[in-house]
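Shown next, in structure tokens, is the structure this report addresses.
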Amino acid sequence: MKIVVPLDFSKAPKISKDKKLLAYVEKHGHGSWQTLPAKAGFQRCCKSYRLKWTNYLRPDIKRAKFSP
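So this is what it looks like as structure tokens:
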């Protein structure tokens, strides 16, 4: 009997999309979030990429522990 271990590929596409978004914004700037998905070759709506940039990928986000 073979034991099949499922591989977790769920994170791989997210990482490549994050890198693609970072590269596009660094090269062209974010400009209009309405036109970014079409110009960068993404399939989702502009809001998801705007929120991803604003909350996670922006280089000036401070990543420190919360203070009490």
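Add 1483 to the 1-based position in the sequence shown for the working numbering, that's all there is to it. Positions of the beta carbon are idealized from the N, C-alpha and C atoms, including for glycine.
Just the Cα atoms here: how many angstroms apart are residue i and residue j?
i: Q1526; j: F1549; result: 35 Å
i: L1540; j: E1509; result: 11 Å
i: I1544; j: Y1507; result: 18 Å
i: Q1517; j: C1529; result: 5 Å
i: L1519; j: K1497; result: 17 Å
With DSSP collapsed to three states, give me the class of residue i.
i: W1536; result: helix
i: C1529; result: helix
i: C1544; result: A quick correction: the sequence has Ile, not Cys, at residue 1544. I1544: coil per DSSP, three-state reduction.
Using 8 Å for Cβ pairs, my map puts residue i next to residue j. What's the rounded Cβ distance?
i: H1513; j: W1536; result: 6 Å
i: A1523; j: K1503; result: 7 Å
So, for residue i: in the same chain, excluding its five sequence neighbours on each side, which residues have a beta-carbon less than 8 Å away from its beta-carbon?
i: K1500; result: F1525
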